[in-house]
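According to mature numbering (1 follows the signal peptide of the UniProt record, and there is no 0), the residues represented by the sequence shown are -27 to -1, 1 to 76, in order.
Each residue gets a CB set at the ideal place from its N, CA and C atoms; glycine is no exception.
Source: prediction; values computed, not measured.
These notes concern the structure reproduced below.
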Amino acid sequence: EAATLWATLAQELYAALFGWLTQFVAQSVAPPQECEGFRRLGLLDLYGFEVFAANGFEQLLINYCNERLQQLFNRQVFACEAGEYAAEGLDVDGQWQRVSAAC
């Protein structure tokens, strides 16, 4: 019973510390109160591409979703970069159109 209580206490302390830490980080990166609009910082921690001796349907879906999210991220980032380059008068000559989707 003592071991169970000790484990429970450790879990509660960890949860409290993690909650405090995330609140502290959120307050640290929050915009000033006078800023209008909605801003959000989101973090998505994806598992790496996983290969097991025998992958199941669930693993196929996980890997597929990870690849689609990465593709969406790449397109968004490269489109923003191309827009910034164009705004500065730089010709990127379609370099941003090359993607690895066909690989």
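| query | Where do the N-terminal and C-terminal ends of the alpha helix (DSSP H) with Ala(-10) fall, by residue? | reply | For clarity, residue -10 is Phe in the given sequence; the question names Ala instead. Note, Phe(-10): alpha helix (DSSP H), Ala(-26) to Val2.
Cβ of Val65 within 8 Å of Cβ of Ala55?
Remark: C-beta atoms of Val65 and Ala55 approach each other more closely than 8 Å.
key: Span of the alpha helix (DSSP H) around Val65   = Boundaries cannot be given for Val65, as no alpha helix (DSSP H) includes it and DSSP labels it neither H nor E.
ask   = When the distance is taken between beta carbons, is Glu57 closer than 8 Å to Asn36?
value = No, these two residues do not count as a Cβ contact at 8 Å.
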